[in-house]
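Presented below is the structure to which this report refers.
Residue numbers (mature numbering (1 follows the signal peptide of the UniProt record, and there is no 0)): -24 to -1, 1 to 79.
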């Protein structure tokens, strides 16, 4: 009986470790780095777009299209220009002429 009492904690600890590992991996999947698709809550789109369009000369159309794209992709690239690779959805939206729709 003493032998069983000593080996019982080992499977219990292994099971506990497995459960902790699985629950930890679930949290990683829901994590979205800044700038990634789905990382911007819908209510933050106007703020992110205001920053994105701050250096543009045509702020009104820039903000309109940036918000349009943000609401669909839930993502706005960082900085005022470039970095569109951070948001593939944002980057892949095109006009009928094949030009980028999102600023």
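Idealized CB from N, CA, C, for every residue including glycine.
Residue 73 versus residue 19: straight-line alpha-carbon distance, rounded: What you label residue 73 is simply residue 97 of the chain shown in a count that begins at 1. What you label residue 19 is simply residue 43 of the chain shown in a count that begins at 1. It is roughly 30 Å from the alpha-carbon of residue 73 to the alpha-carbon of residue 19.
Leaving aside the five residues before and after residue 56 along the sequence, list all residues of the same chain whose C-beta is less than 8 Å from its C-beta, in chain order. Position 80 of the chain shown, counted from the start, is the residue given in the question as residue 56. Once the five neighbours on either side are set aside, the close Cβ partners of residue 56 are 27, 28, 29, 30, 31 and 32.
According to DSSP, simplified to helix, strand and coil, what is residue 75? The residue labelled residue 75 in the question sits at position 99 within the chain shown. In the displayed model, residue 75 falls within coil according to three-state DSSP, outside both helix and strand.
How big is the Cα-Cα spacing for residue 76 and residue 38? As a position in the chain shown, residue 76 is number 100, starting the count at 1. As a position in the chain shown, residue 38 is number 62, starting the count at 1. Their backbone Cα atoms lie some 12 Å apart in a straight line.
For residue 60, the three-state DSSP class (helix, strand or coil): Within the chain shown, residue 60 is the residue found at index 84, counting from 1. In the three-state reduction of the DSSP assignment, residue 60 falls in the helix class.
Quick check on residue 70: does DSSP put it in helix, strand or coil? Sequence index remark: in the chain shown, residue 70 carries index 94 (1-based). It is a strand residue.
Could you give the DSSP three-state label for residue 42: helix, strand or coil? Position 66 of the chain shown holds residue 42. Helix.
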